[in-house]
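Reading through the structure tokens given below for one structure.
Numbering (this note's numbering), first residue to last: 4 to 376.
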């Protein structure tokens, strides 16, 4: 259907394709009449929210007639203490997605450029295109490399020029699960000119169990052009509340907070995040289960003849060896939702989130049945 308002939109919006989220359970129930569905499509924490966060939400429900703290003072202070930075370095967002968009709005416009890797998080190109800025997309590391399909930092550095204002680096990367080691990433950041803001997206930071993986927040004092984004949607289990944050130099945070929407983080999200930060036991359980189940899901996929990209997150990228969409559809009929990633330029792959042991058993059984047919 043609859109009569298309010509009225700014150029960057006219060709924009909406973000494609993982299929919701309720949608599959409506379409196929299936129940007892396993969703392994959106990299959520299968253990759910921390018990302490649920208690905090329950206690705060009575104040929903009041606006939330627009600046999230208590949460910003707690995050600052956790990371050893002043509160002026914190920007809260409606998920880290919100912060990625704010960064694009703040630093990009037509005539300016942003650099990111092919097969990186889909929000980067969406945020860049909406501003009318120019995309500079680096080809990924080639097949055969230990981090194949991941960020090629040399290729990214070669695309940086006088008009570059943002460089997006996902570590680990979604949807590939690939990661960058400390020495390489630190050298890359150090080599960028001062007029380039480098955004290190650490949405999956808490899940990482690989050697030499860095905590980029430790470099903030050395690199004033560094922004690190984190989220409560993954290991902390609060995806439905939409809460993320950025750490940066105070000057960058000041600019982001100027354009951040008032009350962009709701009161329930703020109290839940405060409680979640103290519930170390739940985080430890989540990380431990993911580590053991990540190995098990990888093994079960490889046993079925599927190639799996090594992952440092809570998901795996699986090469089906053919067009992946029919396998995705067949898995839906088995009540298992995974994620096709053709929109990431990977039409032969599926991204599969790591679930509970029982959910991963369902996946293995469904995959075996689908591939056999």
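Quick reminder that beta carbons are idealized off the backbone N, C-alpha and C, glycines included.
Cβ-Cβ distance between residue i and residue j below 8 Å
i	j	result
residue 269	residue 71	yes
residue 380	residue 309	This structure does not reach residue 380, given that the chain is present from 4 up to 376, and the question cannot be answered.
residue 366	residue 339	yes
residue 134	residue 263	no
residue 171	residue 202	yes
residue 246	residue 31	no
residue 141	residue 125	no
residue 84	residue 275	no
residue 231	residue 205	yes
residue 373	residue 337	yes
residue 105	residue 168	no
residue 358	residue 49	yes
residue 152	residue 312	yes
residue 241	residue 272	yes
residue 111	residue 131	yes
residue 136	residue 165	no
residue 81	residue 280	yes
C-alpha distance - residue i paired with residue j, whole-angstrom precision
i	j	result
residue 348	residue 228	30 Å
residue 117	residue 51	35 Å
residue 29	residue 243	15 Å
residue 346	residue 193	32 Å
residue 256	residue 185	24 Å
residue 353	residue 66	42 Å
residue 6	residue 129	20 Å
residue 73	residue 282	24 Å
residue 329	residue 47	24 Å
residue 138	residue 14	14 Å
residue 42	residue 303	18 Å
residue 377	residue 191	A query on residue 377 cannot be resolved here, the shown segment of the chain reaching from 4 to 376 and no further.
residue 100	residue 77	22 Å
residue 278	residue 63	12 Å
residue 258	residue 109	7 Å
residue 57	residue 323	39 Å
Any non-hydrogen atom of the ligand GTP within 7 Å of residue i CB
i	result
residue 340	Of the ligands one can find in the structure shown there are none, so the ligand GTP has no counterpart to examine.
Exposure label - residue i; buried when at least 16 CB within 10 Å
i	result
residue 326	exposed
residue 35	exposed
residue 16	exposed
residue 239	buried
residue 61	exposed
residue 343	buried
residue 122	buried
residue 371	exposed
residue 44	buried
residue 267	buried
residue 54	exposed
residue 11	exposed
residue 68	exposed
residue 289	buried
residue 39	exposed
residue 147	exposed
residue 287	exposed
Contacting residues, own chain, Cβ-Cβ under 8 Å from residue i (five flanking each side not counted)
i	result
residue 315	175, 180, 181, 182, 207, 210, 211, 212, 213 and 216
residue 253	89, 91 and 92
residue 9	17
residue 161	141
residue 317	46, 48, 207, 210, 237, 238, 293, 297, 356 and 357
residue 187	156
Residue-chain proximity (residue i, chain D), Cβ-Cβ < 8 Å
i	result
residue 46	In the structure shown, chain D does not exist; there is a single protein chain.
Residues of its chain near residue i, where Cβ-Cβ distance is below 6 Å and the 5 sequence neighbours each way are ignored
i	result
residue 150	144 and 181
residue 177	124
residue 376	none
residue 75	95, 268 and 273
residue 173	123, 124 and 204
Own chain partners of residue i with C-beta closer than 7 Å, once the 5 adjacent residues on each side are dropped
i	result
residue 284	none
residue 98	234, 236, 245, 246 and 247
residue 307	370, 371 and 374
residue 305	311
residue 79	90, 93 and 95
First through last residue of the alpha helix (DSSP H) which encompasses residue i
i	result
residue 284	283-306
residue 373	360-375
residue 336	328-336
residue 240	Looking at the DSSP string, residue 240 is not in any alpha helix (DSSP H), and its letter there is neither H nor E.
residue 15	14-17
residue 104	99-110
Residue range of the beta strand (DSSP E) that includes residue i
i	result
residue 146	Per DSSP, residue 146 belongs to no beta strand (DSSP E) and is neither H nor E.
residue 138	137-141
residue 204	200-204
residue 350	349-356
residue 181	No beta strand (DSSP E) contains residue 181, which DSSP labels as neither H nor E.
residue 79	Counting along the chain, residue 79 falls outside any beta strand (DSSP E), though it belongs to the alpha helix (DSSP H) covering 76-86.
residue 134	Segment 126-134 is the alpha helix (DSSP H) holding residue 134; no beta strand (DSSP E) there.
residue 119	116-120
residue 216	Note, residue 216: premise wrong, no beta strand (DSSP E); not H, not E.
residue 96	93-96
residue 65	Unbroken run through residue 65: none, as it is neither H nor E.
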